[in-house]
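Chains as they are written, first to last, in this note's numbering: chain A, 27 to 384; chain B, 4 to 303; chain C, 18 to 267.
Written as structure tokens, this is what we have:
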């Protein structure tokens, strides 16, 4: 299949329009914020973009397979630590974490390669453990994923020679994840996650979500399909983790645990877990709400009223409200696309109205 | 390996296993009937522990009354959370239920942080709990004997309820086939509320012994027992009450064996080993140790 | 007990629409059952027969239409309340509780309407009607054979002394001997004056014993009337019932 066929196959008005829209929206917001030139808002945007990438990786597996992927945040953590180990200079590592294994201390890669290496480590970890788990479904599957998260978390928090144990792992230096780096990677990830969904692998994975048995009888080896989706998701998670650690500049294992998982879950549920647009808007909304509430919290603290943590309560309540009334999230599992916009605005001849649900 | 060490080991496993069995039972009652994996169960325990703290520190009520009120608190929270947070989700998918209970758990944790304190607080426990006694030649805190005894009593009571009362039969029927039970006239709301009440009751008992052991309460303390409960339930077979009990003891057994056999350098990884063993077990035997009467789905 | 007049039906369904999600399964179904009658609902697989029973018993909420039972509007009522009012369902596939003993299954069957003396008397009666239940009284339901489970399911339905007994495909999956037993039993129950609404794919047998019958197709009532009036109509028998004998349709 050559490039020309590939491009012809892309039905622009339906399929690719989503990617274009999401990227355009992101870049418009990005350029606007850059133009504003207020560092504090730039920081929020950068952080939000990193969370967006995390949410997209989460959506890649969970949205398409329908499996609640508790262990995902563990891979974010693995990527965070791994990429840091690769990017820090040996001298710095020896200083910060004297007990680190010598061969780890000696590793050194430029930042972009370190990011990719971190993602790769996460993918390898997923590739090693995931295969037998992909057969399990429903409650047992959820608990196993949960148990896997605990294993990863304990390893990250106890393996002093790699992660400095429960103590903080300080990267030091400058913030390598800049505004533009985050934005650039986000654009690439949007493209990757969307085309995964529309690829034959993604399609097969989505088939298993609907009806495992029907999919199986159509010849889909859904253990394999789930496996690849899971590993791909871990890779993006690892990438996001790398961006995260090079933004925050100091991490611990506890940064990649239930709280963060809950945040990602909220983004997907509120935005709509079945579509990339859902992850996009969910991440956007939750970030805005949290930041807004944080500002309120700080206002309250100044007047003597301790209110930290209330942001999470509000997000949780919104989450429950969505689950009750709009379980498919804002987007309802549909993608933002040229067709859907035309439909909303009632323009066009309407002849493409037989649009299969995404 | 002399008899003394063996005996000490046995008492540790029995006392730990008893506590874990109670935790697991609290989870499985609700899961059996509603198919809900109740993340907020940890918070039922925490509420009770906070009540023990508040009453112990700010009042001079006698300890039996404090314990009683603590248990009533978790029963109330159990009943209320079903009424308010879970009832709207009845009949929804397993995933929606799971996420909801997760959200409820987060909300309650934050409320503890905001309403009381993010820091851990010392829970006053009657002194005799931690007094050392001699049992079969082994020195052990009294609370270990108490938990074994309490669990025994509670198990007998629960067995009597489940086997010899109509309500118990109705609950067992409902956990096998909820719709058919309703067709027989078993009221859905009653059975579910009772399940949550029992779950809350067990959480209250667990809170007493858990805070006796750790001596403190903090907003996130529910996570550890919750995790233990999950694993014990899954090992024992998610659809079986006896399975939960067995799972609790098996978990305690494995944990204690690991504590003894792991080289010191790896001891801090004990939980990782624990859960890795659990994962391997589940991959090989997803239905758990005790076969329930419900077909879990496993394909491939 | 019902205080409706002799002529008012004990069960009356009007214009019922029932959907599974967004797919309509029943399109404006109307039917009625009078006290003491044995009414059969027949039709091929997927015609909506079981759906009707599920809607009547409260398992499914109808989208529109009404259900009246004993002169009360019970549309949308919960299953447990309908049971208390006097409705009993013998579900498709038996659905007995496998881990509960025969005794416990029966006790549960009487849940909303239990009376100790009556229960004891009923047991005596059931042990004559279903001797196998006496043998297996303390065994777990899951150990019974298919036919025995069907007996148990029917006994469980009867033990609450319902004003309306509904049965969903009682002969499904049973050997010919057992099928005979079941239909003999149904005739016996009818002779005792029990009002029965019977859903059966085995149209031949069902029509032989019914007072009236409804023929379903694609979620609609295509024909309603007495079985003897249907026998002559070739269209009905071939299109809606498949073959006359056994009625084993795809």
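For glycine and all other residues, C-beta sits at the position ideal for the given N, C-alpha and C.
Within the same chain, 337, 340, 341, 344 come within 8 Å of residue 315 of chain A by CB-CB distance, once the 5 residues on both sides are set aside. As for any alpha helix (DSSP H) of minimum length 4 sitting wholly inside the stretch 220-288 of chain B, the runs are 226-239, 244-264, 273-287, ordered along the chain.
Secondary structure of residue 113 of chain B (DSSP, three-state): helix. Taking the beta carbon of residue 113 of chain B as reference, the chain A residues within 8 Å of it are 335, 336, 338, 339, 342, listed in sequence order. Contact between the stretch 214-223 of chain A and the stretch 77-92 of chain A is present: three or more C-beta pairs spanning the two stretches fall below 8 Å. Taken atom to atom, the span from the alpha-carbon of residue 136 of chain A to that of residue 202 of chain A is near 11 Å. Residue 158 of chain A reaches chain B at 286, counting residues in chain order whose Cβ is nearer than 7 Å. Buried is the label assigned to residue 98 of chain B, since at least 16 other Cβ atoms lie within 10 Å of its Cβ. Per DSSP, reduced to three states, the secondary structure at residue 147 of chain B is helical.
In this structure the stretch 149-165 of chain C lies against the stretch 108-124 of chain C, because at least three pairs of beta carbons, one per stretch, are closer than 8 Å. Where residue 205 of chain A is concerned, the enclosing alpha helix (DSSP H) starts and stops at 205-224. For residue 129 of chain C, the chain B residues whose Cβ falls inside 9 Å of its Cβ are 187, 188, 189, 190, in order along the chain. Residue-level contact check: residue 298 of chain A does not touch chain B, since none of the beta carbons of chain B fall below 9 Å from its beta carbon. With a threshold of 16 other beta carbon atoms within 10 Å, residue 232 of chain A meets it and is buried. Contact between residue 225 of chain A and residue 109 of chain A does not hold, since their C-beta atoms are separated by about 26 Å, which reaches or exceeds 8 Å. Taking the CA atoms as reference points, residue 197 of chain B sits about 35 Å from residue 27 of chain C. Under the DSSP definition of a beta bridge, residue 232 of chain C partners with C:59, C:240. The beta carbon of residue 32 of chain B sits closer than 7 Å to those of 198, 201, 202, all from its chain and outside the five residues before and after it, given in chain order. Taking the beta carbon of residue 184 of chain A as reference, the chain B residues within 8 Å of it are 271, 272, 275, listed in sequence order.
Taking 7 Å as the cut-off between beta carbons, the residues of the stretch 152-173 of chain B near chain C are 169, 172, 173, in sequence order.
Between residue 166 of chain B and residue 160 of chain B, the gap from beta carbon to beta carbon reaches 9 Å or more. For residue 98 of chain C, the uninterrupted alpha helix (DSSP H) run begins and ends at 96-102, by DSSP.
Taking 8 Å as the upper bound on Cβ-Cβ separation, chain A lies near residues 91, 92, 95, 97, 98, 99, 101, 102, 103, 105, 106, 107, 109, 110, 113, 114, 116, 117, 121 of the stretch 90-121 of chain B. With 16 or more neighbouring CB atoms inside 10 Å of its own CB, residue 298 of chain A falls in the buried class.
Think of a sphere of 9 Å around the beta carbon of residue 233 of chain B: the chain A residues whose beta carbon falls inside it are 169, 172, 173, in chain order. In summary, the residues of the stretch 215-234 of chain B whose CB is separated from some CB of chain A by less than 8 Å are 226, 230, 233, 234, in the order they occur in the chain. If you look at residue 135 of chain B, you'll find it in the beta strand (DSSP E) that goes 135-138. Excluding sequence positions up to five before and after residue 238 of chain C, its CB lies within less than 8 Å of the CB of 46, 47, 48, 231, 232, all in the same chain and listed in chain order.
Here residue 286 of chain A has 99 as same chain residues with Cβ atoms under 7 Å from its own Cβ, once five neighbours each way along the sequence are excluded. The stretch 154-235 of chain C contains, as complete alpha helix (DSSP H) runs of 4+ residues, the segments 163-175, 193-208, 220-226 (chain order). Neighbours of residue 40 of chain B in chain A, taken as residues whose beta carbon is under 8 Å from its own, are 165, 168, 169 in chain order. Considering only beta carbons, the part of the stretch 235-256 of chain B lying closer than 9 Å to chain A consists of 236, 237, 241, in chain order. By the neighbour-count definition (other C-beta atoms within 10 Å, threshold 16), residue 96 of chain A is a buried residue. The alpha-carbon of residue 127 of chain B is positioned some 23 Å away from that of residue 142 of chain B. By the criterion of a C-beta distance shorter than 8 Å, residue 275 of chain A is surrounded in its chain by 196, 197, 198, 199, 201, once the five residues flanking it on both sides are discounted. Listed in chain order, the non-local C-beta contacts of residue 75 of chain C below 6 Å within the same chain comprise 94, 95, 96, 99, local neighbours out to five positions each way being set aside.
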